[in-house]
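Residues in the sequence shown are numbered consecutively from 7, following the numbering used here. Glycine included, C-beta positions come from ideal geometry on N, C-alpha and C.
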Amino acid sequence: MISCERSASPPLGLLPLPETLRARLNECDSLPSLPAAAARVLMLARHPDASLVDYAEAIEKDPALTLRLLSLANSGYYSRGGVESHTCREAVSRLGLDTTLATVMSFALTRVSTSALGLDHLWQRAIIAALAARHLAARLCPQQAGVLFTVSLLQDIGVLAAIALDEQDYRQLIASSEGHDSLVAAEHALYGCDHASIGGWLADSWGLPVHLARGIASSHGDLDDSSPEALCLRLSGPIADAWLSRSPARALFRLLHRFETLGDALPVSLASLLEEAQENLPDMAKLLDITAPPIYDNHALLEEAQQHLFRQALALSARLDIQEAELEALRQRQTELEQRSRRDDLTGLANRAWLEAQLKERFRLCQEQGRTLSVVFIDLDHFKKLNDRYGHVLGDRVLENFAATLQESVREGDLAGRYGGEEFLVILPDERVEGAMAMAERLTQQLSSRPMAHADGVPLHVSVSIGIACLDDAEFRSARELIDAADQSMYRVKREGRDGTATFIETT
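Dropping the structure here:
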């Protein structure tokens with residue numbers, strides 16, 4: 007990662023930040039930085055004579071970014087059923103420089119922010135806003151469609167800087183805000199400006215072209231007396247907010263009212279805008295590797311909103327309440343499905359894929375922040391013999407009861423899961439070997455006093471072989487090596503007669 011040099015003063019047309027805030031930002035060492043490929047593309051963006059070949063060569067140095075660019079170029083919106091793009095140069099040529107820059111920046115930032123900071127909602131808002139701005143611009147100012155797509159996609163990057171500056175306080179600010187407008191008002195009270203202004207400063211510090219930084223800074227302004235370009239940009243955020251609202255029909259009602267008050271200045275069908283956005287959202291979400299925003303029946307929602315707009319009746323309010331309940335149920339269902347994809351069906355613990363993904367992320371954070379963690383690898387002794395003797399139904403019952411016992415033995419914040427078969431894994435953040443040993447001792451004590459099943463009225467107890475590895479034990483280069491170290495320690499216990507615990511230090 008490299009950080010671009012920060013400007014000493016704002017470019018022409020970019021309002022200066024309050025002095026205290028600007029000084030704090032200049033001194034902040036944890037502001038988001040850009041990967042090398044993105045930084046190279048930004049350098050090219052500052053040179054008007056840079057060719058498509060120059061952009062393609064800069065992007066090709068990052069294979070993941072190249073794949074994302076090709077994926078977007080071959081999506082339904084851009085390919086229009088034409089010949090498939092096979093090279094980075096072909097993709098850049100099809101997308102155009104503005105969309106290429108937007109893709110590079112957003113993919114670079116989501117790689118840094120989404121998993122580490124939990125900002126999926128931020129990027130969901132960004133892609134809806136970008137698609138909305140592009141649709142509006144195609145009808146109001148076609149020559150600016152690419153630029154407005156880019157600016158709308160990046161309009162909330164100031165949130166990343168605010169989190170870097172005041173993570174705990176700012177997250178509380180987000181949690182307590184009822185919506186985006188409420189968040190902006192709270193930011194003005196806290197900083198003397200909003201995150202759009204901070205985003206403009208951040209974009210300038212990275213070296214984005216001045217017109218993009220200026221657009222980001224002004225993206226949350228008023229709609230009154232706006233130019234067509236400003237209208238497209240400043241409407242894109244409210245459209246995204248309506249889409250993501252907990253009450254989308256009512257939010258669309260307010261949006262329809264805004265469209266109506268703008269009259270001839272906005273000759274755009276909200277229905278066609280929502281339909282085009284919905285069609286392109288899955289590809290955009292896949293491109294940025296984020297969870298796609300919820301998909302609604304936009305025609306039904308708009309019809310409901312229009313009735314509300316014209317009738318304003320109590321009967322309609324009741325229907326909206328019912329629809330909100332249904333949408334909430336759909337949201338809960340979506341959440342349940344996401345949770346289920348992370349869980350082992352039999353035991354209810356985390357599954358192997360989620361364990362490995364979480365360990366990889368926590369391993370990275372430990373390396374960056376100088377923290378530690380321990381991994382506990384557990385294998386049920388003689389489980390195959392038990393399965394063969396008593397059958398799979400009883401074997402499954404043993405696994406279920408063992409999982410419940412294991413969950414009782416870990417702390418809040420630890421992650422226990424089924425790694426496969428009769429193997430289990432526990433991730434203990436910020437825990438050294440001694441703490442992991444204490445957890446293993448709690449588990450073995452519970453197993454000695456609690457049968458995992460009964461066969462013909464006879465209680466069946468199981469023992470376990472446990473291996474422990476801690477980041478402090480050796481120079482581990484990856485999460486995989488840490489798991490392997492715990493696994494080796496567990497097999498040492500197996501070789502020495504089972505029913506025990508060994509650490510990687512002892513094993514080596």
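Cβ neighbour criterion (16 or more within 10 Å) applied to Gly419
Burial call: exposed.
Return the bridge partner residues of Val381 from the DSSP annotation.
Beta-bridge pairing links Val381 to Ile433 and Ala475.
Have a look at Ile222 and Glu285 and give me their C-alpha separation to the nearest angstrom.
Straight-line Cα distance between these residues: approximately 26 Å.
With 16 other CB atoms within 10 Å as the buried threshold, where does Glu235 fall?
By the beta-carbon neighbour count (other beta carbons within 10 angstroms, threshold 16), Glu235 is buried.
Determine contact between the segment 52-63 and the segment 192-201, defined as no fewer than three beta-carbon pairs at a distance below 8 Å.
When C-beta atoms of the segment 52-63 are compared with those of the segment 192-201, fewer than three pairs fall below 8 Å, so the two segments do not count as touching.
For the segment 50-75, list the alpha helix (DSSP H) runs that are entirely contained and at least 4 residues long, ordered along the chain.
Those alpha helix (DSSP H) runs which fall completely within the segment 50-75 and span 4+ residues are 58-66.
Can you find the residues in the same chain that come closer than 7 Å, C-beta to C-beta, to Glu66, ignoring five residues on each side of it along the sequence?
Only residues of its own chain outside the window of five on either side were considered, and among them Thr72 and Cys94 have a CB closer than 7 Å to the CB of Glu66, listed in chain order.
Only counting the same chain, and skipping five residues up and downstream in sequence, which positions put a Cβ closer than 6 Å to that of Ile245?
These residues qualify, in order along the chain: Ala138.
Assign Ile328 to one of two classes, buried (16 or more other C-beta atoms within 10 Å of its C-beta) or exposed (fewer than that).
So Ile328 counts as exposed.
Tell me, to the nearest whole angstrom, how far the beta carbon of Leu535 is from that of Leu412; I am working on the premise that it is less than 8 Å.
Outside the displayed range of the chain (7 to 514) lies residue 535, so it cannot be described from this structure.
Three-state secondary structure assigned by DSSP to Ala151
Residue state for Ala151 is assigned as helix, using DSSP reduced to three classes.
What do you get for Ser522, buried or exposed, if any count of 16 or more other CB atoms within 10 angstroms of its CB means buried?
With the chain covering 7 to 514 only, the question about residue 522 has no answer from this structure.
Taking all protein chains shown into account, do 16 or more other C-beta atoms lie within 10 angstroms of the C-beta of Asn357, making it buried, or fewer, making it exposed?
By the Cβ-count criterion, Asn357 is buried, with 16 or more other Cβ atoms from all chains shown falling within 10 Å of its own Cβ.
What's the gap between the Cα of Gly376 and the Cα of Arg483?
CA-CA distance, Gly376 to Arg483, rounds to 14 Å.
Counting along the chain, where does the beta strand (DSSP E) carrying Leu421 start and finish?
Here the beta strand (DSSP E) through Leu421 covers Leu421 to Gly426.
Quick one: what's Gly506 bridged to in DSSP?
Answer is Ser471.
Check this for me: beta carbons of Leu333 and Pro288, under 9 Å apart or not?
Cβ distance not < 9 Å, so Leu333 and Pro288 don't count as in contact.
Taking 8 Å as the cut-off, does the segment 496-503 touch the segment 436-443 (at least 3 CB pairs, one atom from each stretch)?
Flag = no, the segment 436-443 and the segment 496-503 do not touch.
Please state whether DSSP places Glu282 in a helix, a strand or coil.
Residue state for Glu282 is assigned as helix, using DSSP reduced to three classes.
Going by other Cβ atoms of all chains shown within 10 Å of its Cβ, with 16 needed for buried, is Thr507 buried or exposed?
Counting the other Cβ atoms within 10 Å of the Cβ of Thr507 gives 16 or more, which makes it buried.
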